[in-house]
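Residue numbers (the numbering used here), protein chains in the order written: chain P, 20 to 157; chain F, 20 to 157; chain V, 20 to 157.
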């Protein structure tokens, strides 16, 4: 049994879903661990990690619109010092979640056919996002 | 230290919560691993995995009604080619989450007294759903 | 490779976010495991576990207000026998999630600078809450 841990960094491009499936799959493959469990952890409170359909970018746009309607910008927030998109981003990050656990077999994440791994970027400006990755297995 | 990995399949019966606690507990027991961590991963983007009360089916119906009100069917979605329940199902799946991590001791999941493990089926038709299960421990 | 498992208990103080970062960090440190993966699991269906900003209590109050607006108390629930705050708490617990997986290195959780670990208490009365903690690594 062995483990690997590394911080992967990504540059997002404003609000939206930023797919990281290929980068994560490459890292998993490079560890040489064939069977195990992968943990991904988003080290930010205004972005999240989620699994959704990887084929249709319309799904991604509909998801972003849903989040915008569920936690709209506006004057109703007590925490407003970091910009109008900040408190909505904290709410969306709680809803999208900070962490994913994905079983790995034969060196590959056991994703379904139509699944991809995404950073849900909830801020408006492009940002560098750190994802802590940990793989344990053999 | 050892690990077990298997894909468990379930037949859901339309929109609702489908309890899988007993099947998962049976699989955990059958691995012979007494202490460890269980990962469950839903390999679909229109269904989720969640923990909620196992005693009252009224709780399950209220949860389903809440999801329906939060992401209703309607003309407002760009992604509409797979049926009116498809894009709402993707949104609900993100909210309910794709993965659970549950500590195991003495061969049993450390669930609270009133907790059950459920597939949240967000599509209307009965479907076969695959849950990747991974247990690591000794 | 070794593992540690323990049930940590906390006393919440009514609806709100109850930070447990220091207690969890202390437990991780005490296991002597330097590198691994930490699983936290909330053994209740009316409270959750989440990661959010640790610096501004205004963020916490805004989050609580958002949850209250998203799942308000009212006459619309079928499950109403355990008090008006019970079914909203079950919904909020599903949204906030039951479980967290956090990579550990050098004996510390790999949290981002502004991240804390919180019990999201969704009931109104103070309660004792049990969090199952599991750490696997070496």
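The beta carbon of each residue, even a glycine, is placed where N, CA and C say it ideally should be.
Note: residue 69(F) is bridge-paired with 137(F) in the DSSP secondary-structure output. Within 9 angstroms of the CB of residue 54(F), the CB atoms of chain V belong to 22, 24 and 153, in sequence order along the chain. Not a single CB atom of chain V sits nearer than 9 angstroms to the CB of residue 42(P). In the three-state reduction of the DSSP assignment, residue 156(F) falls in the strand class. Listed in chain order, the non-local C-beta contacts of residue 157(F) below 8 angstroms within the same chain comprise 20, 21, 52, 53, 54 and 55, local neighbours out to five positions each way being set aside. Residue contact with chain F for residue 86(V): absent (no Cβ-Cβ distance below 9 angstroms to any residue of chain F). Straight across, the Cα-Cα distance linking residue 39(P) with residue 135(P) is about 8 angstroms. Cβ atoms of residue 75(P) and residue 98(F) come within 8 angstroms of each other, at about 6 angstroms. Collapsing the DSSP output to three states places residue 110(F) in a helix. By the 16-neighbour rule on beta-carbons within 10 angstroms, residue 64(P) is buried.
Per DSSP, reduced to three states, the secondary structure at residue 99(P) is coil, with no helix or strand assignment.
At a beta-carbon threshold of 8 angstroms, the residues of chain P lying near residue 130(V) are 62, ordered along the chain.
Contact between residue 109(P) and residue 154(V) fails: their C-beta atoms lie close to 28 angstroms from each other, not under 8 angstroms. When Cβ-Cβ separations below 9 angstroms define contact, residue 120(P) makes contact with chain F. Scanning its chain for C-beta atoms nearer than 6 angstroms, with the 5 sequence neighbours on each side dropped, one finds around residue 111(F) the residues 86, 90 and 141, in chain order.
Taking 9 angstroms as the threshold, the shortest C-beta distance from residue 92(V) to chain F does not fall below it. For residue 144(F), the closest alpha carbon among the candidates 103(F), 115(F), 123(F) and 26(F) is that of 103(F).
By the beta-carbon neighbour count (other beta carbons within 10 angstroms, threshold 16), residue 148(F) is buried. Collapsing the DSSP output to three states places residue 23(V) in a strand. For residue 42(V), the enclosing alpha helix (DSSP H) covers residues 40-50.
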